[in-house]
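Colleague: FYI, my numbering numbers position 60 of the sequence shown as 55, with every residue one higher than the one before it.
Even for Gly, the Cβ is constructed at its ideal location relative to N, Cα and C.
Owing to the predicted nature of the structure, the values given are computational and were not obtained by experimental measurement.
Below is a structure I'd like to ask you about.
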Amino acid sequence: MPIVIGAKRESNFTDPIGMLWDCHRRIERFLGVLVHVAEQAHGEALSEEQRGALDTALHYFRDAAPKHTADEEESLFPRLRRNGSADVRALLARMESLEEEHVCAERSHGEVDSLGQLWLRDGRLPPEQSLRLLTVLTQLRDLYRHHIATEDNEVFPAAAAALSDFERLAIGSEMASRRGIPASA
Ligand SMILES: [Fe+2]
Ligand SMILES: [Fe+2]
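This is the structure we're talking about:
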């Protein structure tokens, strides 16, 4: 089965909530790639396709995914915390849990990255480390399933309803500058 790692971007910086939602689809896709490679190859020698897919997915979680976390923690959540809407106030405790989950996910991604880099460097991963990689990836998949569902189904709809156009544009502009590109891109 081919390992699909690309997809077209559907939203732009004028629709930051849509962009965050799109990022979730990329997180799911790249995590699926990591799980697929780990389950397929079990620490053994990688095919060229598996090697490229592993490298690309590790790079995504090292480079792009932390920007998504910053989009939420530095741009979205602070504005929601300042918002007076009852729907948003009801989510304050949820946002704290989401931030704690970001810390757990970051720790797990660090371990996945170390193991994945080792695999790419040495060509094989010893059985104990291969098993550990699968265990951490399974934990990450479970964490994201719950985490992304909470953000997609509760936080983002409340944000879309509560944020002003000015706040939305400000979030989009911050997200763009985090990526070093003009907000109109
Ligand atoms: Fe999040
Ligand atoms: Fe998220």
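Determine the closest residue to R21 out of K62, P121 and E169, with distance taken between C-alpha atoms.
Modeller: Cα-wise, what sits closest to R21 is K62.
Colleague: Sorted by chain position, which residues of the same chain lie with C-beta nearer than 6 Å to M(-4)'s C-beta, five sequence neighbours on each side aside?
Modeller: Residue placement at M(-4) is flagged as unreliable, the pLDDT there being 49, under the threshold of 50; a coordinate-derived value is accordingly withheld.
Colleague: Spatial neighbours of P11 within its chain, please: CB distance less than 8 Å, with the 5 preceding and 5 following residues excluded, ordered by chain position.
Modeller: These residues qualify, in order along the chain: D66, S70, L71, R163, I166, G167 and M170.
Colleague: Let's test the definition: count the other Cβ atoms within 10 Å of the Cβ of M14 and tell me whether it reaches 16, buried, or not, exposed.
Modeller: Buried, because 16 or more other Cβ atoms sit within 10 Å of the Cβ of M14.
Colleague: If we count Cβ pairs, one from each stretch, closer than 8 Å, do we get three or more for the region 28 to 43 versus the region 113 to 121?
Modeller: Short answer: they touch.
Colleague: What are the boundary residues of the alpha helix (DSSP H) that includes F72?
Modeller: First-last of the alpha helix (DSSP H) with F72: F72 to R76.
Colleague: Kindly list the residues whose CB is nearer than 7 Å to the CB of L138, restricted to its own chain and excluding five residues on each side of it in sequence; keep chain order.
Modeller: Hits under 7 Å: E96, C99 and A100.
Colleague: If you measure between the beta carbons of D160 and H19, is that distance less than 8 Å?
Modeller: In this structure, H19 does not lie closer than 8 Å to D160 by Cβ.
Colleague: Does the pairing of the region 40 to 60 with the region 125 to 132 give three or more beta-carbon distances under 8 Å?
Modeller: Result no; under three Cβ-Cβ pairs closer than 8 Å.
Colleague: Is any heavy atom of ligand 2 found at a distance shorter than 7 Å from the C-beta of E146?
Modeller: The answer is yes for E146.
Colleague: Excluding sequence positions up to five away, which residues of its chain have a Cβ less than 8 Å from the Cβ of R89?
Modeller: Cβ within range, chain order: T145, E149 and V150.
Colleague: Please classify N7: does DSSP put it in a helix, a strand, or coil?
Modeller: In the structure shown, N7 sits in coil (DSSP, three-state: anything other than H, G, I, E or B).
Colleague: Grouping DSSP H, G and I as helix and E and B as strand, with all else coil, what is M(-4)?
Modeller: Per-residue confidence for M(-4) stands at a pLDDT of 49, beneath the threshold of 50, marking its modelled position as unreliable; no derived number is given.
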